[in-house]
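First comes the structure, then the notes that go with it.
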Amino acid sequence: MSGNVTSMQSGTVYLQMVDEAGFKEKKDGFSRGAIIHIETGGRMTKEFLLAGIPPGTYGIRAFLDTNENGKIDFSLRGIEPWGTYRPVRPFMRRPRFREISFSLEDNLSDIEVLIK
88 MSGNVTSMQS
98 GTVYLQMVDE
108 AGFKEKKDGF
118 SRGAIIHIET
128 GGRMTKEFLL
138 AGIPPGTYGI
148 RAFLDTNENG
158 KIDFSLRGIE
168 PWGTYRPVRP
178 FMRRPRFREI
188 SFSLEDNLSD
198 IEVLIK
């Protein structure tokens, strides 16, 4: 499975494909990830590849790690830039798995994730 991630800022993007248990960060959940480095500011698109994904129901989420601590930060001051494969932007909360999930039956090669 492959696609593109686009960010308006430079930095490290953590992209993760998860099943529902992985979304909830359970130990038995499925998770595959990619780390993508965006070198320049302005609109920048980079390719990613996730191999060995069995058929199932998944969600793809990503975030730009602006403070380089390896995790997404939520605070009263705001949230680090993020995006999902299915463009969902809930107000004042994190997206739910059912909002970002999709059924994977075969290889996908046209995934687009916009970080904002």
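In the numbering used here, the protein residues as written are 88 to 203. For each residue, glycine too, the CB sits at the ideal point set by N, CA and C.
Worksheet item: Taking only runs of the beta strand (DSSP E) that begin and end inside the segment 159-198, which ones reach a length of at least 3 residues, in chain order?
Response: 169-171 and 188-191
Item to complete: Go to residue 121, then tell me how far its beta strand (DSSP E) extends in each direction, as first and last residue.
Response: One-based indexing of the sequence shown puts residue 121 at position 34. Element bounds for residue 121: 118-125.
Discussion item. Check this for me: beta carbons of residue 202 and residue 174, under 8 angstroms apart or not?
Written reply: Numbered from 1 along the sequence shown, position 115 holds the residue referred to as residue 202. Numbered from 1 along the sequence shown, position 87 holds the residue referred to as residue 174. In this structure, residue 174 does not lie closer than 8 angstroms to residue 202 by Cβ.
Practice prompt. Determine the burial state of residue 149: buried for a count of at least 16 other Cβ atoms within 10 Å of its Cβ, exposed for fewer.
Written response: For this step, residue 149 is matched to residue 62 along the sequence shown. Classification of residue 149: buried, given that the 10 Å Cβ count is 16 or more.
Discussion item. Can you confirm whether the segment 90-105 touches the segment 131-142 when touching is taken to mean that 3 or more C-beta pairs between the two stretches lie within less than 8 angstroms?
Written reply: yes
Practice prompt. Using beta-carbon positions only, say whether residue 143 and residue 191 come within less than 8 angstroms of one another.
Written response: By 1-based counting over the sequence shown, the position of residue 143 is 56. By 1-based counting over the sequence shown, the position of residue 191 is 104. Contact: yes.
Fill in: Best match in 147, 113 and 152 for proximity to residue 88 [C-alpha to C-alpha]
Walking along the sequence shown from the start, residue 88 turns up at place 1. Of the listed residues, the one whose Cα sits closest to residue 88 is 147.
Worksheet item: Using CA coordinates, which residue listed in 181, 183 and 118 is at the minimum distance from residue 138?
Response: Looking up residue 138 in the sequence shown gives position 51. Checking every option, the nearest Cα to that of residue 138 belongs to 118.
Worksheet item: Is the Cβ-Cβ distance between residue 107 and residue 184 less than 8 angstroms?
Response: Here residue 107 refers to the residue found at position 20 when the sequence shown is read from its first residue. Here residue 184 refers to the residue found at position 97 when the sequence shown is read from its first residue. A contact, by the Cβ cut-off of 8 angstroms.
Discussion item. Taking the alpha carbon of residue 109 as the reference point, which residue from 188, 193 and 194 has its own alpha carbon closest?
Written reply: Along the sequence shown, one-based indexing puts residue 109 at 22. The candidate whose alpha carbon is nearest that of residue 109 is 188.
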